[in-house]
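S.K.: Numbering (the working numbering), first residue to last: 13 to 757.
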């Protein structure tokens with residue numbers, strides 16, 4: 013075969029050649045002898061002491077038991093061959109050691125020859141295959157020549173495996189590098205990377221490397237004019253970029269490149285190779301490599317894999333470029349996204365263009381509930397129309413972006429980025445599918461200071477302000493101040509303390525009586541969660557319950573409250589008080605996928621009759637996600653569990669929807685009870701709710717009853733039940749028992 017032969021046939025390379033031309037001796041092969049017979053150690057060393065295997069001498073290591081070998085192998089990882097006795101301290105010591113070598117230490121390259129003086133202890137076929145055992149010999153078989161032959165074959169195998177593993181690691185590095193260059197810098201750097209990584213793969217300097225690709229702008233059909241260089245190194249560096257193939261003065265290089273393009277495959281010579289990269293979309297390209305040596309079969313194989321990998325990467329260059337173009341744009345709204353806004357703010361901060369600037373976040377209130385009711389498509393339409401409204405209403409120099417699921421970011425001067433203007437812009441209903449949708453928004457603002465340098469920090473400050481606004485209710489706004497940050501940190505600290513209190517049994521449940529009107533006969537109790545710190549301080553529920561809800565801790569808290577309450581109910585039943593137990597359920601709990609399973613599990617564990625349990629949900633929970641809510645309500649009713657609508661009259665109920673719910677009880681909010689004899693607005697709502705409950709077949713219970721006058725008025729109106737301090741405050745189980753005993757007597 014001539015040096016110009018471009019055949020793809022692989023050539024066997026003799027391992028002995030590797031010792032030629034070396035200025036220093038090669039390191040020895042390390043062979044570990046593991047045998048409990050010292051004579052075997054000495055005879056093995058005697059047989060192989062002067063041997064050269066693949067041009068390298070041998071160094072012997074010795075272990076006289078499997079345990080000694082384990083310790084040695086944990087420290088030495090460059091052992092090429094283990095000559096291992098099968099039977100040592102135990103009959104299976106050798107095979108056990110092999111399992112530790114392969115699976116415990118992960119030494120897959122070292123070769124293993126099993127030896128035994130007892131032929132009946134040969135390993136089975138499965139063990140030989142599973143543990144990659146090279147050979148099995150009886151000690152009587154291993155004459156000096158046979159031992160040398162077996163060792164040579166095993167070490168040759170070890171040499172090939174280690175070379176292959178080293179090349180594989182190099183290829184993994186190449187893949188990572190090409191991925192990096194394609195994503196971050198495009199084709200020119202990608203081409204340079206290919207040149208450099210081919211050198212790394214072959215373990216040689218980048219000498220005489222050239223990458224050539226079809227010129228996308230050329231209309232020629234002549235390859236010498238149609239292909240141009242992309243990158244080069246070493247002696248061919250003068251052709252680094254933009255030189256047409258026909259202008260390369262080295263006739264051998266030019267001819268070999270043309271031959272590979274014509275053959276459409278990799279070609280090899282005595283000291284060179286031309287790599288061919290197929291590209292379906294972007295045009296084929298080739299790379300000339302001056303290897304300086306005949307490539308081994310493993311090198312040729314890996315270069316083939318490398319070319320296939322690079323071909324895929326090159327085919328994706330155009331796609332990656334398009335992805336980079338859209339990396340800063342929100343696909344749904346076509347607005348810039350969060351990353352784009354951060355970069356824009358940082359650019360302006362670096363230039364000092366921040367005087368009078370404000371970052372605003374606009375959040376759609378109860379957006380997830382809208383999706384529950386109307387579906388994701390409707391939610392997308394809201395987001396799209398809202399983006400059009402904001403972008404079309406604000407000046408072009410104001411940066412508008414979608415920075416979260418239902419959150420928009422605005423970066424502009426305070427005359428436009430302010431609550432009044434933003435609320436005015438969004439005051440008119442959005443037009444959605446020939447209909448109209450009014451949206452409520454919460455707003456968070458941060459005034460940009462000249463010492464702020466991070467766009468990400470600006471968004472974080474605005475998010476803190478937005479979180480503060482949402483904690484106050486819907487339709488609110490807040491500006492970031494150090495005090496707001498402190499308050500946010502305090503809420504985080506409160507959550508940590510709440511988790512600790514829950515773990516350390518600092519939370520407890522009290523029970524407030526619910527009585528019949530006008531008799532005052534006990535009918536049930538409501539379970540109320542309380543938190544007392546180690547210092548004896550009580551934390552108000554309206555402080556820690558929202559924190560538990562926002563964090564999701566309310567799910568596990570709620571399950572604990574339900575179990576505790578039903579255990580108390582069982583004690584009441586045993587004492588002769590078969591009362592109704594009312595337990596509050598938050599929106600987060602009710603929407604949790606495992607809610608019904610949790611209720612079933614606690615009922616089963618406590619053995620409580622379901623008809624004595626009543627779950628209290630707020631009016632807002634009942635009004636959002638109607639289909640899901642109705643299905644869960646039906647499931648609860650089917651179990652015999654009652655459902656009370658808490659704080660009725662404070663939300664935005666649909667009477668027709670309320671009629672479909674079939675709830676067992678309506679609870680009048682205490683604010684309407686307080687208004688009964690005060691002349692304040694809402695005084696007549698209690699009467700309206702009582703009449704409504706009667707017509708719908710629901711019990712009506714008034715909360716917050718504190719005076720005899722309220723009891724009389726509610727009784728005259730026909731209210732069924734009441735609870736409040738007039739009858740009793742929330743007390744622990746022992747005190748509740750005492751209260752009930754007094755009522756009985």
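The beta-carbon is built from N, C-alpha and C at its ideal position, and this holds for glycine as well.
(1) On the DSSP letters alone, give me the boundaries of the alpha helix (DSSP H) that residue 653 sits inside.
(2) Work out the CA separation of residue 422 and residue 752 for me, nearest whole Å.
(3) Do residue 592 and residue 674 count as a contact pair if the criterion is CB distance below 8 Å?
(4) Buried or exposed: residue 512, going by 16 or more other Cβ atoms within 10 Å of its Cβ?
(5) Since residue 596 is in the beta strand (DSSP E), which residue starts that stretch and which ends it?
(6) Per DSSP, which one or two residues make a beta bridge with residue 369?
(7) By the three-class DSSP mapping on this structure, what secondary structure does residue 430 have?
(8) Between the Cα of residue 353 and the Cα atoms of 344, 558 and 339, which residue gives the shortest distance?
(9) So, at 7 Å on beta carbons, what are the nonlocal neighbours of residue 749 in its own chain, with the 5 sequence-adjacent residues on each side left out?
(10) The alpha helix (DSSP H) that contains residue 458, what's its start and end?
(11) What is the rounded straight-line gap between the Cα of residue 756 and the Cα of residue 566?
(12) What residues are listed by DSSP as bridge partners for residue 630?
(13) Tell me whether residue 159 sits in a helix, a strand or coil according to DSSP, three-state version.
(14) Round the Cβ separation of residue 347 and residue 412 to the nearest angstrom and send it over; I've been treating them as touching at under 8 Å.
(15) On the criterion of 16 or more Cβ atoms from any shown chain inside 10 Å, does residue 275 qualify as buried, or is it exposed?
(16) Can you list, in chain order, the residues of its chain whose CB lies under 8 Å from that of residue 415, leaving out five sequence neighbours each side?
(17) Checking the sheet assignment: what are the DSSP bridge partners for residue 406?
(18) Could you tell me whether the stretch 715-723 touches the stretch 497-516, where touching means 3 or more Cβ pairs closer than 8 Å?
(19) Would the beta-carbon of residue 745 fall within 8 Å of that of residue 583?
(20) Is it true that the CB of residue 366 sits closer than 8 Å to the CB of residue 425?
(21) Going by DSSP in three states, residue 164 sits in which element: helix, strand or coil?
(22) At 3 residues or longer, and completely inside the stretch 468-522: list those beta strand (DSSP E) runs for me, N to C.
(23) Do you know offhand how far residue 618's Cα is from residue 534's?
(24) Which residues share a DSSP beta bridge with residue 3?
(25) Could you give the first and the last residue of the continuous alpha helix (DSSP H) run that contains residue 537?
(26) Leaving out five residues on either side along the sequence, give the residues of the same chain with a beta carbon under 7 Å from the beta carbon of residue 522.
(27) Cα separation between residue 516 and residue 722?
(28) Comparing alpha-carbon positions, which option in 141, 213 and 238 lies nearest residue 301?
(29) Residues bridged to residue 115 by DSSP?
(30) DSSP three-state call for residue 731: helix, strand or coil?
(31) With DSSP collapsed to three states, give me the class of residue 614.
(32) For residue 359, name the three-state secondary structure that DSSP assigns.
(33) What are the boundary residues of the alpha helix (DSSP H) that includes residue 4?
(34) What does a CB cutoff of less than 7 Å around residue 686 pick up in its chain, not counting 5 residues either side in sequence?
(35) Can you tell me the Cα-Cα spacing of residue 317 and residue 57, whole angstroms?
(36) Rounded to whole angstroms, what's the CA-CA distance from residue 69 to residue 60? Just pull it up for me.
M.R.: Result, derived from the coordinates:
(1) Translated into positions along the chain shown, residue 653 becomes position 641. Segment: none, residue 653 is in no alpha helix (DSSP H) and carries neither H nor E.
(2) On the chain shown, residue 752 is found 740 positions in, with the first residue counted as 1. On the chain shown, residue 422 is found 410 positions in, with the first residue counted as 1. The straight-line gap separating the alpha-carbon atoms of residue 752 and residue 422 is approximately 60 Å.
(3) Here the question's residue 674 lines up with position 662 in the chain shown. Here the question's residue 592 lines up with position 580 in the chain shown. Taking C-beta atoms as the reference points, residue 674 and residue 592 fail to come closer than 8 Å.
(4) As a position in the chain shown, residue 512 is number 500, starting the count at 1. Around the beta carbon of residue 512, fewer than 16 other beta carbons sit within 10 angstroms, so the residue counts as exposed.
(5) By one-based count along the chain shown, residue 596 stands at place 584. From DSSP, the beta strand (DSSP E) with residue 596 extends over 592-596.
(6) Taking the first residue of the chain shown as 1, we reach residue 369 at position 357. As a beta-bridge residue in DSSP terms, residue 369 pairs with 425.
(7) The residue labelled residue 430 in the question sits at position 418 within the chain shown. Residue 430 falls in the coil class under three-state DSSP.
(8) One-based indexing of the chain shown puts residue 353 at position 341. Answer by Cα proximity: 339.
(9) Taking the chain shown and counting its residues from 1, the one referred to as residue 749 is at position 737. Excluding the 5 residues flanking it on each side, residue 749 has same chain C-beta neighbours closer than 7 Å at 587, in chain order.
(10) Position 446 of the chain shown holds residue 458. Careful: residue 458 lies outside any alpha helix (DSSP H), inside the beta strand (DSSP E) at 453-459.
(11) As a first step, residue 756 must be located in the chain shown, where it is residue number 744. As a first step, residue 566 must be located in the chain shown, where it is residue number 554. Approximately 36 Å between the Cα atoms of the pair.
(12) In the chain shown, residue 630 corresponds to position 618, counting from 1. Bridge partners of residue 630: 658.
(13) Residue mapping note: residue 159 aligns to position 147 of the chain shown, counting from 1. Correct three-state label for residue 159: helix.
(14) Here residue 347 corresponds to residue number 335 of the chain shown, with the count starting at 1. Here residue 412 corresponds to residue number 400 of the chain shown, with the count starting at 1. About 6 Å separates the Cβ atoms of residue 347 and residue 412, confirming a contact at the 8 Å cut-off.
(15) Working through the chain shown from its first residue, we reach residue 275 at position 263. So residue 275 counts as exposed.
(16) Taking the first residue of the chain shown as position 1, residue 415 is located at position 403. 349, 350, 353, 373, 421 and 471.
(17) Translated into positions along the chain shown, residue 406 becomes position 394. Its beta-bridge partners do not exist; DSSP assigns none.
(18) No contact exists between the stretch 715-723 and the stretch 497-516.
(19) Translated into the one-based positions of the chain shown, residue 745 becomes position 733. Translated into the one-based positions of the chain shown, residue 583 becomes position 571. One thing to note: residue 745 has its Cβ within 8 Å of the Cβ of residue 583.
(20) As a position in the chain shown, residue 425 is number 413, starting the count at 1. As a position in the chain shown, residue 366 is number 354, starting the count at 1. In this structure, residue 366 does not lie closer than 8 Å to residue 425 by Cβ.
(21) Locating residue 164 in the chain shown gives position 152, counting from the first residue. Helix at residue 164.
(22) For the stretch 468-522, whole beta strand (DSSP E) runs of length 3 or above, ordered along the chain, are 489-491.
(23) Indexing the chain shown from 1 puts residue 618 at position 606. Indexing the chain shown from 1 puts residue 534 at position 522. Here the C-alpha atom of residue 618 lies approximately 23 Å from the C-alpha atom of residue 534.
(24) Outside the displayed span of the chain (13 to 757) sits residue 3, for which this structure offers no information.
(25) Position 525 of the chain shown, counted from the first residue, corresponds to residue 537. From DSSP, residue 537 is part of no alpha helix (DSSP H) but of the beta strand (DSSP E) over 534-544.
(26) Working through the chain shown from its first residue, we reach residue 522 at position 510. Excluding positions up to five away in sequence, the list reads 540, 542, 742, 743 and 744.
(27) By 1-based counting over the chain shown, the position of residue 516 is 504. By 1-based counting over the chain shown, the position of residue 722 is 710. Going by the C-alpha atoms only, they are around 41 Å apart.
(28) As a first step, residue 301 must be located in the chain shown, where it is residue number 289. Closest by alpha carbon: 213.
(29) Looking up residue 115 in the chain shown gives position 103. For residue 115, no pairing in a beta bridge is given by DSSP.
(30) Position 719 of the chain shown, counted from the start, is the residue given in the question as residue 731. In the three-state reduction of the DSSP assignment, residue 731 falls in the coil class, being assigned neither a helical nor a strand state.
(31) For the purposes of this step, residue 614 is identified with residue 602 of the chain shown, where counting begins at 1. For residue 614, the three-state secondary structure derived from DSSP is helix.
(32) Along the chain shown, read from residue 1 onward, the residue named residue 359 stands at position 347. It is helical.
(33) Nothing can be reported for residue 4: it is not among the residues displayed for the chain, which extend from 13 to 757.
(34) Reading the chain shown from its first residue, position 674 is the one you call residue 686. Close CB contacts of residue 686 within its chain, under the 7 Å cut and outside five residues either way in sequence, are with 716 (chain order).
(35) Residue 317 sits at position 305 when you count from the first residue of the chain shown. Residue 57 sits at position 45 when you count from the first residue of the chain shown. Roughly 42 Å separates the two Cα atoms.
(36) Residue mapping note: residue 69 aligns to position 57 of the chain shown, counting from 1. Residue mapping note: residue 60 aligns to position 48 of the chain shown, counting from 1. So the two alpha carbons sit approximately 9 Å from each other.
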